[in-house]
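Colleague:
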Amino acid sequence: MLDAIIANDLTKTFLTKKRRGRLPFTGEKIEIKALDGLSLRVKEGEIVGLLGPNGAGKTTLIKVLSTLIIPDSGTAKVNGYDILKEPVRVRESIGVMLTGERALYWKLTGRENLLYFSKLYHVPKDLARQRIDELLALVGLEEKADELVENYSSGQKVRLSFAKALINDAPILFFDEPTMSLDPQFSRRIRNTIRWLNEEKGKTILLATQNMFEADELCHNVSIINQGKIVIKGTPSELKTKILEKKSIRVIARNLSLNTIFNDNLLNNAKWTIREIDDGQSIMLQAIVEDKESALSELLDMITRHNGKVVNVTVSEPSLEDVFHYYNINNEPS
Ligand SMILES: Nc1ncnc2c1ncn2[C@@H]1O[C@H](COP(=O)(O)OP(=O)(O)OP(=O)(O)O)[C@@H](O)[C@H]1O
Ligand SMILES: [Mg+2]
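Numbered by this note's numbering, the letters in the sequence shown go through residues 7 to 340 in order.
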């Protein structure tokens, strides 16, 4: 299989000015390495998931590969075309949906937006009209098609952006969190459409998502990205196998304050994620550990020592979400 996307050692640093409280921006600048030597390969016909915490560099990578921003160094080819030397060819090869879509024209209707973008891509008029009707139906916006986009809900704008990414029927699609702000029913519909685009239409898809279920369900391969670097990659099941000898432990306890736990250094051995849960009285401690017996007994000792009460203990096989947390917390190289 050919490579649809090859990225080699991409870097991108943003310089932002610092603001102190309410004072105006100072001259001081901070550097943010959004991409820090990132390499990636996506084969033709694959769906590859890009997972990473907020600020990891997912959107920056998609913008670089879409020729919307220029990297500081490194190279990339999309559909065989160099992003720096052949940007027009690259743009003809891709459909892009970004989050917080500002590319939609709010003073135009949904249909007018799609018509406008079809002209930009030189889609013949008759074909465009037919495709626009199909796309509006695909994202369930037939009824809203002739209303101004400024009156759309955020979910409806997301759906229109999704349709816009398909207007030029490109072989390679970039979706940046396509189900964000969608209700469960439409999330499912978009996920089914992504699978259909891949299986029936042969599209290659790069999908940035925070939704582990989505990644597990849809992606042939997944790359976990943190601080501008890929920390681990593989199929969802390979990634789960990598930490299979480890177990995911979750303990819920009462009568404990966060401060008590943070001040107890016994917990330093396992990387516990600690948070208050919604009832306001309980605390959840979660970790992925190799030796579940000793981690659990250490934790239960600590809880008893502080007169806490264990409400619930669960030990389970790690999920893709656990893999994600494990590699983001430990930042281990793959
Ligand atoms: N135009 C910009 N100017 C300055 N900093 C930027 C700019 N774009 C991105 N960054 C910074 O680069 C880093 C990576 O941002 P990016 O948007 O790629 O992350 P992300 O993985 O898409 O995160 P999220 O999950 O929140 O969408 C962040 O620290 C962000 O603040
Ligand atoms: Mg983003």
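Where a beta carbon is used, it is the ideal one built from N, C-alpha and C, also for glycine.
With DSSP run on the structure shown, which of helix, strand or coil describes Ile-196?
Modeller: In the structure shown, Ile-196 sits in a helix (DSSP, three-state: H, G or I).
Colleague: Note down, in chain order, each residue of its chain lying with its Cβ closer than 7 Å to the Cβ of Tyr-127, except the 5 sequence neighbours on either side.
Modeller: For Tyr-127, where only same-chain residues beyond five positions count, the Cβ hits under 7 Å are Ile-173 and Asn-174.
Colleague: Beta-carbon within less than 6 Å of Lys-39's beta-carbon, same chain only, minus the 5 sequence neighbours each way: which residues are those?
Modeller: Result list for Lys-39: Thr-19 and Gly-234, in chain order.
Colleague: Taking the alpha-carbon positions, what's the Leu-179 to Ala-171 distance?
Modeller: Near 7 Å, if we compare the C-alpha coordinates of Ala-171 and Leu-179.
Colleague: Measuring alpha carbon to alpha carbon, tell me which residue in Val-317, His-331, Val-54 and Met-103 is nearest Asp-9.
Modeller: Out of Val-317, His-331, Val-54 and Met-103, Val-54 has the C-alpha closest to the C-alpha of Asp-9.
Colleague: Report back the beta-carbon spacing between Glu-183 and Ala-214 to the nearest angstrom; my notes put them in contact at under 8 Å.
Modeller: About 6 Å; that satisfies the 8 Å criterion.
Colleague: What is the DSSP secondary structure of Met-308, counted as helix, strand or coil?
Modeller: Of the three classes helix, strand and coil, the one that applies to Met-308 here is helix, per DSSP.
Colleague: Kindly indicate the opening and closing residues of the beta strand (DSSP E) around Arg-108.
Modeller: Element bounds for Arg-108: n/a, residue is neither H nor E.
Colleague: So Ile-138 is in the alpha helix (DSSP H); what residue range does that whole segment cover?
Modeller: Counting along the chain, the alpha helix (DSSP H) containing Ile-138 begins and ends at 131–144.
Colleague: If we require 3 or more residues per run, which beta strand (DSSP E) segments fall completely within the segment 189–261?
Modeller: Runs found: 210–215, 227–232, 235–240 and 253–260.
Colleague: Excluding the 5 residues flanking Arg-117 on each side, which residues of the same chain have their C-beta closer than 8 Å to its C-beta?
Modeller: The residues are Ile-138, Leu-142, Ala-151 and Asp-152.
Colleague: In chain order, what residues place their C-beta within less than 7 Å of a heavy atom belonging to ligand 2?
Modeller: Ordered along the chain, the selected set is Lys-64, Thr-65, Thr-105, Asp-182, Glu-183 and Ala-214.
Colleague: Suppose the cutoff is 8 Å on Cβ atoms and the five residues either side in sequence are ignored; what does the same chain contact list for Arg-165 look like?
Modeller: For Arg-165, where only same-chain residues beyond five positions count, the Cβ hits under 8 Å are Val-145, Gly-146, Leu-147, Leu-188, Phe-192 and Ile-196.
Colleague: Kindly confirm or deny that the segment 247–260 and the segment 318–330 touch, where touching means at least three C-beta pairs closer than 8 Å.
Modeller: Flag = yes, the segment 247–260 and the segment 318–330 touch.
Colleague: State the Cα-Cα distance for the pair Ser-300 and Lys-315, rounded to the nearest angstrom.
Modeller: If I take the Cα positions, the gap works out to 19 Å.
Colleague: What is the rounded straight-line gap between the Cα of Pro-130 and the Cα of Thr-73?
Modeller: Approximately 24 Å between the Cα atoms of the pair.
Colleague: Select from Ala-169, Gly-161 and Leu-114 the residue whose C-alpha is nearest the C-alpha of Ala-134.
Modeller: Considering only alpha carbons, the answer is Ala-169.
Colleague: Using only the alpha-carbon positions, how far apart do Ile-12 and Arg-108 sit?
Modeller: One C-alpha to the other measures close to 27 Å.
Colleague: What does a CB cutoff of less than 6 Å around Glu-34 pick up in its chain, not counting 5 residues either side in sequence?
Modeller: Lys-24.
Colleague: Would Asn-313 pass as a contact of Asn-261 if the rule is Cβ separation under 7 Å?
Modeller: Cβ atoms of Asn-313 and Asn-261: closer than 7 Å.
Colleague: Put Ala-301 into one of helix, strand or coil per three-state DSSP.
Modeller: Of the three classes helix, strand and coil, the one that applies to Ala-301 here is helix, per DSSP.
Colleague: Enumerate in chain order the residues of its own chain whose CB-to-CB distance from Glu-156 is below 6 Å, with the five nearest sequence positions on each side excluded.
Modeller: Answer for Glu-156: Trp-112, listed in chain order.
Colleague: Should Ala-134 be listed as close to ligand 1, given that the test is whether its C-beta is under 6 Å from any heavy atom?
Modeller: Checking every heavy atom of ligand 1 against the Cβ of Ala-134, none is found closer than 6 Å.
Colleague: By how many angstroms is the C-alpha of Glu-206 removed from the C-alpha of Ser-45?
Modeller: If you take the alpha carbons of Ser-45 and Glu-206, they lie about 28 Å apart.
Colleague: Applying the criterion that 16 or more other CB atoms from any shown protein chain within 10 Å of the CB defines a buried residue, is Trp-202 buried or exposed?
Modeller: Classification for Trp-202: exposed.
Colleague: Whose C-beta lies closer than 8 Å to the C-beta of Thr-65 among residues of the same chain, with five residues either side of it excluded?
Modeller: Contacts found: Leu-104, Thr-105, Asp-182 and Ala-214.
Colleague: Do you know offhand how far Leu-120's Cα is from Gln-162's?
Modeller: Each residue's alpha carbon lies about 14 Å from the other.
Colleague: Given a cut-off of 7 Å, decide if Asp-15 and Gly-58 are closer than it, judged by their beta-carbon atoms.
Modeller: No, Cβ-Cβ distance for Gly-58 and Asp-15 is not below 7 Å.
Colleague: Report yes if the C-beta of Thr-19 is less than 6 Å from at least one heavy atom of ligand 1; otherwise report no.
Modeller: Answer for Thr-19: no, Cβ out of range of ligand 1.
Colleague: Following a CB-centred definition, is Gly-55 positioned closer than 6 Å to any heavy atom of ligand 1?
Modeller: Not so, every heavy atom of ligand 1 lies at least 6 Å from the Cβ.
Colleague: From Ser-167 to Leu-110, what does the alpha carbon distance come to, in whole angstroms?
Modeller: So the two alpha carbons sit approximately 7 Å from each other.
Colleague: Give the secondary structure of Leu-44 by DSSP, where H, G and I count as helix, E and B as strand, and everything else as coil.
Modeller: The answer is strand: DSSP assigns Leu-44 an E or B state.
Colleague: What do you reckon, is the C-beta of Asn-14 under 6 Å from a heavy atom of ligand 1?
Modeller: No, ligand 1 has no heavy atom inside 6 Å of this Cβ.
Colleague: Could you have a look at Ala-10 and say whether DSSP puts it in helix, strand or coil?
Modeller: Here Ala-10 sits in strand by DSSP.
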